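Sequence lines, in order, name chains A and B.
So the working numbering is basically just the index in the first sequence, starting at one, shifted up by 1241.
So the working numbering is basically just the index in the second sequence, starting at one, shifted up by 1241.
Note that the Cβ used here is the ideal one computed from N, Cα and C, for glycine as well.
Quantities reported herein were computed from a predicted structural model and do not represent experimental measurements.
See below for the structure under consideration.
Number of protein chains: 2
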Amino acid sequence: MKKDASFSYRAWLQPGNIEKTTSSNVFAEGDNCSFAQEECILGIAELAVDCDVSLCIDEKLPAEGYSVKFSENCVKISGGCTSGLLYGVYGFLARVRMGECPTTLDFSSKPAVAMRVINHWDNGDGSVERGYAGKSLLWKDGKLGYDLDRLKDYARLLASVGINQISVNNVNVRPLTAKLLTDEGLKDLVIVAEIFRPFGIKLIVGVHFDSPCWIGGLKTSDPADEKVAVFWKEAAARVYNAVPDLAGFLVKADSEFNLGPLAFGHTQDIGANVIAKALQPFGGILYWRCFVYNCLQDWRDTTIDRPKAAYDTFFPIDGKFEPNVILQIKHGPSDFQVREPNSPLLGAMKNTRQAIEFQVTQEYTGQQKDMYNWAVQWEEVFSQPFNENRTTRDLVGSGKEVEAVVAVNNTGDDDNWCGHLLSQLNLYALGRLAWDASLTAEAITKEWVSLTFGKKAEIFEPIVKMLMDSRHTYEKYNAPLGICWMVCIHHHYGPSVDGYEYMKWGTYHRADTKAIGVDRTSKGTNYTSQYQPHVRDIYENLETCPEEMVLYFHRLAYDHKLKSGKTLLQHIYDTHFEGVEEVEGFIKTWESLKGLIPDEAYTSVRARFDMQLENAKEWRDVINSYFYRKTGIADAQGRKIYE
Amino acid sequence: MKKDASFSYRAWLQPGNIEKTTSSNVFAEGDNCSFAQEECILGIAELAVDCDVSLCIDEKLPAEGYSVKFSENCVKISGGCTSGLLYGVYGFLARVRMGECPTTLDFSSKPAVAMRVINHWDNGDGSVERGYAGKSLLWKDGKLGYDLDRLKDYARLLASVGINQISVNNVNVRPLTAKLLTDEGLKDLVIVAEIFRPFGIKLIVGVHFDSPCWIGGLKTSDPADEKVAVFWKEAAARVYNAVPDLAGFLVKADSEFNLGPLAFGHTQDIGANVIAKALQPFGGILYWRCFVYNCLQDWRDTTIDRPKAAYDTFFPIDGKFEPNVILQIKHGPSDFQVREPNSPLLGAMKNTRQAIEFQVTQEYTGQQKDMYNWAVQWEEVFSQPFNENRTTRDLVGSGKEVEAVVAVNNTGDDDNWCGHLLSQLNLYALGRLAWDASLTAEAITKEWVSLTFGKKAEIFEPIVKMLMDSRHTYEKYNAPLGICWMVCIHHHYGPSVDGYEYMKWGTYHRADTKAIGVDRTSKGTNYTSQYQPHVRDIYENLETCPEEMVLYFHRLAYDHKLKSGKTLLQHIYDTHFEGVEEVEGFIKTWESLKGLIPDEAYTSVRARFDMQLENAKEWRDVINSYFYRKTGIADAQGRKIYE
């Protein structure tokens, strides 16, 4: 960690605030423990560790697993491999940071899923798509890897929560990052790989499906063309020659103006397999995104329903993909909205490898101006039923279904990494959940608050409560009951109820003076039929459909009575007034922490809350005015709604 | 004109299609006629001119005026100055192009206003703000004047319709174009000035109000600061040393995030005068735009009304400006909308020089995808009453009020200059109207069609009719009855009824389930009080307010009966269905011209009509669905409105 690191920069790797009385030794068995040893020495130098530590590889342990046990005046940390050992060191240090006494430690751990991945949507020019924390940590002026010291600190943060793969460039590949397939781009990739390698983090390269034309000088990128297959083989060989332990490639094809196999009349497997085969000699994975839908839909055409697209595209070709293809499926069928059901594609394909894709970045969830605890939503995602016996959580790390957890990065070169200090929690939580999907949001939030702010009750408890509330507060002032997309177009911050309503993006609420929503049941678009029968029935039936997402599935009149006894319209008004009040409550809570937490942290978060309050008011007033203007029905409590 | 010039490139300077039988001489008296002589020789070489031509300066004529008279076997063209002579040559050539026999010519002419100006909103990177005809003709890669041959052809086009000033850079000045005040930028400006000078066209430089900081290295741009005054004096001296006949500077201050005197607590005159004084030693003009309004308005605040802003800002400081300041006032109080009243500021200031600003470019009027004849709207603008005795037309060229006509360019490096071939009419019309404000749209349109396509009735008549209809057809499918702003945000093409409704731009229709519009009468925002009493009364009164702009002034219920007997809502439905039908009619008309006009012209315009038809349908359906969803009231004729 750089010497002048601020509180915010250190994130969850804070030093202890005690004076060291004795120094302790860190013993390592064998050369392959040396990096873990370095990291351990660095860590304990700042912490209340007065005993010795010994490190070793124990191949009987699960490869990335570890055990930590105090015995014979020494903390013994064993890992199944160098990475496992490193995770053991970080796990040990975290326990100490959270106040546990080294001499009482006795625990072991192993990751739930093998691939725990951050996707950087970083562009070659240093901008970050959907990034709200400054410029890219990775790219500047078309060059990868411009600040290697900071990258090392970043790698440590990621590894300390178990991330073991990162993609280095935006899935929307543009000419500057496309050159990663060329000798010129690979020079830099080698350097960056060297930074991340000791931390057990492998790199992924985002490649454009049209690379055979862009890079290879071919006249087609048709995956059925033999020259195209040769291009991909040569490209893979070139990249693996430079970075032999590359994790693989990532492709966004047939998606939002990126070329894909559809353009040549092929199904997705034909497009994926030609690249996957090229990666096979090197053990590389091909991550192939499932965000394939018609982004030029005619809003008048009610026969198309965008949430159906991924399932319709991929389910019929289950089993046709090469064994090193992993389909990367967004957790919801829309796009990281505040409230959606899970994608029906998750777990549906029995013969295709799958990754679940989250956003750590807060594209639709406050853009790191508003506080938003993703972990609470992820816990809800994991708790949604897959069928009558299993939840989505059961799919993750089952060894059969979801074997990778991927998330889009929320980091940038802001001093605090994430723009909003409290958004560091989301990065932390992603790693922790990918490691152990059974962790609750509350447990993770408590870990993070403890690591960052310590455990003093007057600090710890209010921050935990605020963070646990944050997701539902944001939802209250956002689009109601799973309707989604009432957001300003393109940049996705702030309300615009009709913003996407008549656009080509396939996202419509069709609100009129009487009702709102798209009927996605068997009487409507029949989207519900894509779910396993048990779940289909839950969503199909208005009585059993979870009310918080009822407008995702049903079209309802404004006077529809909710379980609370309120009408739908009154619920909208009430939640939007409540949302703002809750943000005002957050501000009061935060102000109670002044002087108790570092000034820098206090001030930066306080400033974010001002932005959040303005945003919450804007959402409240726009949503309420919109529905008031559309229905002519006033708030039952007579609160201010602008005409 | 370049040798391989296409039909579209030649625009209204088409060659005759007859074989020359004899050659004719062009005599010139004195050296200062030599450029006009060159132009005349070039022109008649392609036209049916068999007699000689003689050119001379006659200082008894108005400076830019001219006379053309055939006598003694020779067409005698006299100009009040070199520019006047040049206009005489172009006027003569135009008459011949339109089929008049040189031997019958006997006419004279002079411009109504002294300054006939095109403002280029061209950026240093080659993009054109609100440009729909390719890249900039002026700028590329930060450099001004990269294709001097084409610029010469451009200068000829402009001069041929009497344009005598152009600004060379966007009023939103950015660092690349800000360097026009530096020695580096001036090198290129000198070269471009040399191209335009012989055509009688003077350059204007757009300058940023914050130039003292940007360019001068000062710590403030406060116009009351003595160092700032020195900066402007030195900058003016530097520019005039390079281009002694520069027309002056153009400033957009306190407008849409551009700094201005308000930021320092000053009124606009304080900001303008410091720059104006710096220009005085060189006879330079300062054009100071009046587009000053709060672009960060809270939509909830009904006490602010954006159309009032220009008058409120400038009327109180009438008479306080230096004599070389010209206030540049947009024709309407909004922003080049399809239908607005005239700005109440026009003519209101008795002791301040004024320019009227139009757009030749079609920012809100179809973006050169849709056919739109600005001349029809400009005729309506000119015909609006200023008071009980005078129309706005009477202000233009009166010698007291509007002494400059300015328009934002519609040109770019597309082969046909304007993106849409038929948009060339707008550039032509702007020059003609600035020259002679009494010309009717029909007269100008006929001139242009005759010059471009010839006078054969089966070509001429349908094209004239289509162009004369185009403005009202576009209006029919656009925002109804002067409500304005129902347009996609930022890019301004296509419908978005609520797009600006909850934004900070100050543009609201406040439609609810019963009514629409902002009451701008004395019972509402009292905007009407800014007009001269006679006009105020017209707009104030629902009975006398012109119905085509009734929603600019009045809030009306959807069941309000219009003079046609239709309800407001049914009028909206009807006009939107009609608009699409009329575009379909244009396509039929155009298809009847196949084979009669050059293929290139036929094909390019036919392709634009496809875009226009799609746009018209989008407008029809979005507007109609919006109001149907909001009111629940169906179309009386049962036509398709999407739910």
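| Check | Outcome |
| --- | --- |
| Would you tell me roughly how many angstroms separate the C-alpha atoms of Ser1737 of chain B and Asp1451 of chain A, rounded to the nearest one? | 34 Å |
| When burial is assigned at 16 or more other CB atoms within 10 Å of the CB, is Asp1753 of chain A buried or exposed? | buried |
| Roughly how many angstroms lie between the CA atoms of Val1358 of chain A and His1732 of chain B, to the nearest whole one? | 37 Å |
| Kindly list the residues whose CB is nearer than 7 Å to the CB of Gln1278 of chain A, restricted to its own chain and excluding five residues on each side of it in sequence; keep chain order. | Val1267, Ala1269 and Leu1296 |
| Excluding the five sequence neighbours on either side, which residues of its own chain have a C-beta within less than 6 Å of the C-beta of Gln1608 of chain A, listed in chain order? | Tyr1373 and Tyr1734 |
| Measure the alpha-carbon distance for Asp1424 of chain B versus Asp1390 of chain B and round it to whole angstroms. | 24 Å |
| Terminal residues of the continuous beta strand (DSSP E) containing Gly1320 of chain A? | Cys1315 to Gly1320 |
| For the segment 1799 to 1814 of chain B and the segment 1857 to 1876 of chain B, state whether three or more C-beta atom pairs, one from each stretch, are separated by less than 8 Å. | yes |
| How is Gly1489 of chain B classed by DSSP in three states: helix, strand or coil? | strand |
| List, in chain order, every chain A residue whose beta-carbon is nearer than 7 Å to that of Val1863 of chain B. | Tyr1743 |
| So, Pro1564 of chain B versus Pro1574 of chain B, is the Cβ gap smaller than 8 Å? | no |
| Could you tell me which uninterrupted alpha helix (DSSP H) segments, each at least 4 residues in length, are contained entirely in the segment 1733 to 1819 of chain A, listed from first to last along the chain? | 1774 to 1781 and 1791 to 1794 |
| Pull up the DSSP beta-bridge partners for Pro1626 of chain A, would you. | A:Thr1632 |
| How would you list, in chain order, the residues of chain B whose beta-carbon sits under 8 Å from the beta-carbon of Gly1873 of chain A? | Asp1753, Thr1754 and Lys1755 |
| With 8 Å as the C-beta to C-beta threshold (strictly closer), list the residues of the segment 1367 to 1379 of chain B near chain A in chain order. | none |
| Examine the Cβ distances between the segment 1314 to 1323 of chain B and the segment 1287 to 1301 of chain B and report whether three or more of them are shorter than 8 Å. | yes |
| Just reading off the alpha helix (DSSP H) that Lys1571 of chain A is part of, what are its end residues? | Where Lys1571 of chain A is concerned, there is no enclosing alpha helix (DSSP H), although the beta strand (DSSP E) it sits in stretches over Val1566 to Lys1571. |
| Look at the Cβ atom of Trp1860 of chain B, then the Cβ atom of Asn1719 of chain B, and state whether they are nearer than 8 Å. | yes |
| Check Ile1882 of chain B in the structure and name its three-state DSSP category. | coil |
| Name the residues in the segment 1815 to 1832 of chain A whose C-beta lies less than 8 Å from a C-beta of chain B; which are they? | none |
| Checking 8 Å against the spacing of the C-beta atoms, do Asp1739 of chain B and Tyr1814 of chain B come in under that value? | no |
| Decide if Thr1344 of chain A is buried, meaning its Cβ has at least 16 other Cβ atoms within 10 Å, or exposed. | exposed |
| Are the C-beta of Arg1541 of chain A and some C-beta of chain B separated by less than 8 Å? | yes |
| Nearest to Met1790 of chain A by CA position, among A:Arg1761, A:Thr1606, A:Gly1806 and A:Gly1306, is which residue? | A:Arg1761 |
| I'd like the span of the beta strand (DSSP E) that includes Glu1644 of chain B, first residue to last. | Val1643 to Val1649 |
| Of the residues B:Ala1494, B:Leu1837, B:Gly1340 and B:Ala1477, which one's Cα is nearest the Cα of Ser1691 of chain B? | B:Gly1340 |
| Can you pull the DSSP bridge partners for Ile1597 of chain B? | B:Ile1570 and B:Val1646 |
| I think Leu1783 of chain B touches Gly1758 of chain B, with their Cβ atoms under 8 Å apart; what is that distance to the nearest whole Å? | Going by Cβ atoms, the distance from Leu1783 of chain B to Gly1758 of chain B rounds to 11 Å, so no, they are not a contact pair. |
| Where does Tyr1307 of chain A sit, in a helix, a strand or coil, going by DSSP? | strand |
| Grab me the residues of Asn1514 of chain A's own chain with a C-beta within less than 6 Å of its C-beta, minus the 5 sequence neighbours each way, in chain order. | Glu1563 |
| How close, in whole Å, do the beta carbons of Phe1333 of chain A and Pro1439 of chain A come, if the pair is a contact with beta carbons under 8 Å? | The pair is not a contact, with the Cβ atoms about 18 Å apart (cut-off 8 Å). |
| Using DSSP bridges, identify the partner residues of Met1356 of chain B. | B:Ala1645 |
| Could you tell me whether the segment 1671 to 1680 of chain A touches the segment 1377 to 1395 of chain A, where touching means 3 or more Cβ pairs closer than 8 Å? | no |
| Alpha carbon to alpha carbon, what distance is there between Met1590 of chain B and His1713 of chain A? | 56 Å |
| Please state whether the Cβ-Cβ distance between Val1643 of chain B and Ile1597 of chain B is less than 8 Å. | yes |
| Which term fits Glu1629 of chain B, buried or exposed, when burial requires 16 or more other beta carbons within 10 angstroms of its beta carbon? | exposed |
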